[in-house]
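In the working numbering, the protein residues as written are 1183 to 1385.
Notes to accompany the following structure.
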């Protein structure tokens, strides 16, 4: 999610496919042998829209300095609902071997993850955010019983859509920042529970 902005006229993004040579970025200065990665669907429609979900974490006194776990979001817009987008999917290491997709989150910082979906969700009105703490027996510091806090504290969520054809001229329209209802400072999310964020952030 670090290279997500195409700037004006898509000047820093290259097209892939049959029209790649028409891209503004293509020139003789490109490094030969460069590798590029993108996501497609395994079923029709194969094309996917990319969404960067940025989670702004609060750090109240009772929060642990870091927690690790799994996250899902459901995106609600005027055009419909996309349910249970997995922000932490399992990673395929080899053909039949997968590993846990949990992420480590530092309270007081932000974390961005990129997810894909075939639909254009449009302007978001609400996000349902699911959190589940992960205790990894191979990491003793992650074990959380009576003496630690497995809650996640989230102050805001921002969802940005990458779309080369409109990036730049509609940059503000492509982002939705959502906060807790009533503009509370943050949401206190217990493990295996869901919090709601709405598009009415205090300016």
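Virtual Cβ for every residue (Gly too), placed ideally from N, Cα, C.
In this text, all values refer to a predicted model and were calculated from it rather than measured experimentally.
CA-to-CA, the gap between residue 1374 and residue 1359 works out to about 23 Å.
Separation of residue 1382 and residue 1215 (C-alpha to C-alpha, rounded to the nearest whole angstrom) is 46 Å.
For residue 1308, the enclosing beta strand (DSSP E) covers residues 1306 to 1315. Bounds of the beta strand (DSSP E) holding residue 1257 are 1248 to 1259. The Cβ atoms of residue 1253 and residue 1270 sit closer than 8 Å to each other. Here the alpha carbons of residue 1240 and residue 1284 stand approximately 19 Å from one another. In chain order, 1239 place their CB closer than 7 Å to the CB of residue 1291, counting only its own chain and leaving out the 5 sequence neighbours on each side. Taking every protein chain shown into account, the CB of residue 1329 has fewer than 16 other CB atoms within 10 angstroms, so this residue is exposed.
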